[in-house]
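I have placed the structure first, in the form of structure tokens, so that the comments after it can refer back to it.
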């Protein structure tokens, strides 16, 4: 029998409130537990901003300096907090400025809900002022998108948007709301979306696939794991660790898998891919069993597919059925959330240590250290290296910080050398490779994980793509630490020009402004380091600060990132110099 | 792997924008469609796209995976030519005077199993439904006499075997009752 409170609650659930579509947008966000949104106002979204003003005590809006910044901040927030990031913009250019961030979130599976204003529905298709077909434009780069033209549709559409963005393999959703739908009235009531009939977020796990996987694992002599972001998105860090420790399998990671397993873990054998570590790349073509856990065999990971792990059986743990056999054929596909499948597999596998096999990775580590790492971390040359800056940051943060990196040489150096003790600590644009990502993403990351230190590592090129977000940092006071590794070059492109284009440095040399003065213009405390003697003190001062801090480090101009797998080459043809 | 003709059946929700979402999957992979038709399926509010393409089986598998991944796609299948009953329809608009000036054309029409849809003093319209080669054959026969207009529909197809969709769709049908 129902208690009286239950009956009353049931009744009150059904009680509706009359309000505008714009107000219902805010109420939907609040009902989804959103307390922070990023955005930029404009004509077609003004009714929603008017409600944001009224609800500012409950829903904090961060004004970025460009809509692209709002999407990257929402991404950074989502990646650091595990929650859905929300970005709001107006129609036309506001909406099109979202495109890069949406594409980035799509390829990196980041849960994000983007809300755009649209011209009134009577104007749709008339080429009205700031009208653009953002549904058409965003279709190939969203998990789902939808245009709302009636106020009464807003609650169900937004409930669906959040459900789709965060469930299964997460991704960005764009909801375009016409101005008349924002002004229109509705009887508001909200219930969270519990399912969409045409959408199965998590495929069923075939128990036979687990048995088959266990059989292969138990008889493998030289097994190797490559794990990706699926572990972090599935919150399966503990399950992964337990699985690895019981099976004794050497475990490498993709760039987005980084930080799911502490970097100091004895079975953590480093990064795979183009600028990954020597051992895991070489031994990909020697292992007899490759376990791909929540990763998608990106071309930057596999190099030439024709020569990728051909000798190995492949077990692919995946939530997205479309990823199976997309790039690498799986002998066994274990479908489902890795949190679930890894814990079920745990009881089926036999404890092992694979000592002599693990030693092979360590032997390659020694070679890589001698040929590459030693000089990068402890340069013999006068000029500063990017690696020694990372070493200095590791020393001050003890691996506890969230490192947000941009795209290019510094990103590879950050991912290779940053130390991590906690998950959700590496925020970078992996799939899309979006220069300009780091500064706004760092703002979002700090707001998503305010108790943690957030250090953005950015090159002088990417920094200037979203440098205006210093204004957001100034206005909000968000204490992010910004490190620009300045080599006065678009370093990664220059490296390729040097290696593959006969040193024809076409448009890669940068004439840079005084970055410190710019930061000071935004009243952000700044330091510039040009000599090794001052580096560690500057890093220490930056980390000790409880305010935003800008540190420019002038590094060697023409250093290269090694190891490197040239495009189209095999992973085992990885070069050390 | 050899390229061959495949027919893809896609069951979807009836939503604006889904056509764009599905065609974008082909665009992204630089694949040209032979044809695409869309209509209501046997279940209320469920749409069915029939897409004809010439690709390798490996490609079609991946494409179907990508299509099925779309939120509002209920289920997608691919079929080989032998798995389906398929037809397309063509309309031929021909000048009526040819019937009298070119007596041979009457035999062509008689032997073609085509239907005369309409006749006016100026023109008549023939409808031919069948496999592509049958339509092509009629086209080749009529073309020398001069066609005022010719148009051909996309392929439509049903499978010989039951598709696994049926049960799923039945459960949807019950929900909507």
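Chains as they are written, first to last, in the working numbering: chain A, 1 to 577; chain B, 1001 to 1177.
Think of the CB as a built atom: it goes at the ideal place given N, C-alpha and C, for glycine as much as any other residue.
At a Cβ-Cβ threshold of 8 Å, residue 1076 of chain B and residue 140 of chain A do not count as neighbours. Segment contact: the segment 413-422 of chain A against the segment 35-50 of chain A, fewer than three CB-CB distances shorter than 8 Å; contact not assigned. The residue among A/265, A/244, A/405, A/263 with its C-alpha nearest the C-alpha of residue 343 of chain A is A/244.
For residue 397 of chain A, no pairing in a beta bridge is given by DSSP.
Excluding the 5 residues flanking it on each side, residue 427 of chain A has same chain C-beta neighbours closer than 7 Å at 76, 79, 80, 402, 404, 441, 445, in chain order. Partner residues in the beta bridge of residue 1040 of chain B, as assigned by DSSP, are B/1047. In the three-state scheme derived from DSSP, where H, G and I count as helix and E and B as strand, residue 1006 of chain B is classed as strand.
Along the segment 1072-1101 of chain B, going in chain order, the ones with a CB nearer than 9 Å to a CB of chain A are 1072, 1073, 1074, 1075.
Residue burial annotation: residue 61 of chain A is buried, with at least 16 other C-beta atoms found within 10 angstroms of its C-beta. In the three-state reduction of the DSSP assignment, residue 440 of chain A falls in the helix class.
By the Cβ-count criterion, residue 127 of chain A is exposed, with fewer than 16 other Cβ atoms from all chains shown falling within 10 Å of its own Cβ. Within chain A, the residues placing a beta-carbon under 9 Å from that of residue 1024 of chain B are 139, 140, ordered along the chain.
Legend: CB atoms of the segment 180-205 of chain A lying less than 7 Å from CB atoms of chain B belong to residues 196, 197, 198, 199. Following the DSSP letters along the chain, one finds residue 333 of chain A inside the beta strand (DSSP E) bounded by residues 332-335. Under the DSSP assignment, residue 538 of chain A falls in the alpha helix (DSSP H) whose first and last residues are 532-544. Residue range 172-178 is occupied by the beta strand (DSSP E) that includes residue 172 of chain A.
In the structure shown, residue 362 of chain A adopts helical secondary structure according to DSSP, grouped into three states. In this structure, the alpha-carbon of residue 374 of chain A lies about 20 Å from that of residue 266 of chain A. The way I'd put it, the segment 1007-1022 of chain B does touch the segment 1045-1058 of chain B; three or more beta-carbon pairs between them come closer than 8 Å. Counting along the chain, the unbroken beta strand (DSSP E) around residue 223 of chain A starts and ends at 223-227.
Under DSSP, residue 459 of chain A shares a beta bridge with A/485.
Residue 1028 of chain B counts as exposed, since fewer than 16 other beta carbons sit within 10 angstroms of its beta carbon.
Between the segment 319-336 of chain A and the segment 1060-1075 of chain B there are three or more C-beta pairs closer than 8 Å, enough to call the two in contact. At least one C-beta of chain A is nearer than 8 Å to the C-beta of residue 1021 of chain B. Of all residues in the segment 114-138 of chain A, the ones placed with a Cβ closer than 7 Å to any Cβ belonging to chain B are 135, 136, in chain order.
Of all alpha-carbon atoms in A/461, A/34, A/447, the one lying nearest the alpha-carbon of residue 511 of chain A is that of A/461. When only Cα atoms are considered, residue 51 of chain A and residue 96 of chain A end up about 23 Å apart. If you look at residue 405 of chain A, you'll find it in the beta strand (DSSP E) that goes 402-405.
Contacts with chain B (Cβ-Cβ distance below 8 Å) from the segment 540-560 of chain A involve no residue at all.
The alpha-carbon of residue 540 of chain A is positioned some 18 Å away from that of residue 385 of chain A. For residue 310 of chain A, the closest C-alpha among the options A/280, A/205, A/287, A/82 is that of A/287. Per DSSP, residue 554 of chain A lies in no alpha helix (DSSP H); the unbroken beta strand (DSSP E) holding it starts and ends at 549-554.
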